[in-house]
Amino acid sequence: MHPELKRFIPLVKTIAQMFGKNCETVLHDFSNPQHSIVEIENGQVTGRKIGDPITDFALSIWRNNGHKKKKEDAMVNYRTKTKDGKILKSSTFFIRDDQKKIVGCMCINYDLTEHLMFNNIIEEFCTNVDLNREKSKEGVETFTSDVNEVLEDIIRRAIDTIGKPVSIMQKSDKLMVAKIVDEKGGFLIKGAINQLASEISVSRFTIYNYLDELKIKKKKEIT
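Using our numbering, the first residue of the sequence shown is number 3, and each one after it goes up by one.
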């Protein structure tokens, strides 16, 4: 575990104990995104355990070195949903090392499902920010025990953004798919090059060429 993360373990345990079984607290170490969870309490909320992978949302923030243009480290009270339909109130805080690089994050996922049945009574507590209403789709977060599912979800959303079948996509369309996957941190996952190549019917070398082209374009925009 990265040394910067160890001091957060007591906090992970304390928050979970304070808010009870509906409050999942998680500590991620980004040095191994395929198995990033190094500490988790009340994992039954999302069905995860130690050794499970990073989420697509966290990948995206890590890839972009922070949230939004201001590169914020904390997202508080945003809405997420598990595969089995639980409505969660989530907060994420990204942890940086001495060089200001993001090395991990601590997440709090509170299951609001029962509370929402009594929304009029606890309306203030349940108030949350739905990131889906913003222009980006960062509020859609995938909780899974398999990092390949995270990658598949990132690629699927990227393809859906283009709005046409892969069979009739032009180079510009596939280049945009690669750009979206890159921005979402998909290429930080092992095997992403081969997976994307297969999904959009090109060779792995074509994906490398796309990434090189995107880097050149980005440099030109900066200069």
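Beta carbons are placed, not taken as given, at the ideal position from N, Cα and C, and that holds for glycine.
This structure is a prediction, so every number in the text was calculated from the model and none was measured.
| Check | Outcome |
| --- | --- |
| Mapping the DSSP letters down to three states, classify ILE97 as helix, strand or coil. | strand |
| DSSP puts ALA76 in a beta bridge; with which residues? | PHE95 |
| Can you tell me which of the three DSSP states THR2 falls into? | The requested residue 2 is not part of the displayed model; the chain covers only 3 to 225. |
| For a quick check, are the C-beta atoms of LEU114 and ILE97 less than 9 Å apart? | no |
| How would you call ASN67, buried or exposed, if buried means at least 16 neighbouring beta carbons within 10 angstroms? | exposed |
| From this set, ASP99, THR144 and ASP162, which residue's C-alpha is nearest ASN111's C-alpha? | THR144 |
| By Cβ distance below 8 Å, which residues in the same chain neighbour ASP175 in space, the five residues on each side in sequence not counted? | ILE164 and LYS166 |
| Taking its Cβ as the centre, do 16 or more other Cβ atoms sit within 10 Å of PRO55, making it buried, or is it exposed? | buried |
| Which residues does DSSP pair with ASP113 in a beta bridge? | LEU90 |
| From VAL183 to LYS173, what does the alpha carbon distance come to, in whole angstroms? | 15 Å |
| Exposed or buried, which one is GLY45 when buried takes at least 16 other CB atoms within 10 Å? | buried |
| For SER92, count neighbouring C-beta atoms within 10 Å of its own C-beta (all shown protein chains included) and say buried if the count is 16 or more, exposed if not. | buried |
| Nearest to LEU61 by alpha carbon, out of SER203, ILE157 and ASP162? | ILE157 |
| Cutting at 6 Å between CB atoms, please list the residues of its own chain near ARG65, excluding the five before and the five after it. | GLY187 |
| Please state the DSSP three-state secondary structure of ILE175. | As written in the sequence, residue 175 is Asp, which differs from the Ile given in the question. Helix at ASP175. |
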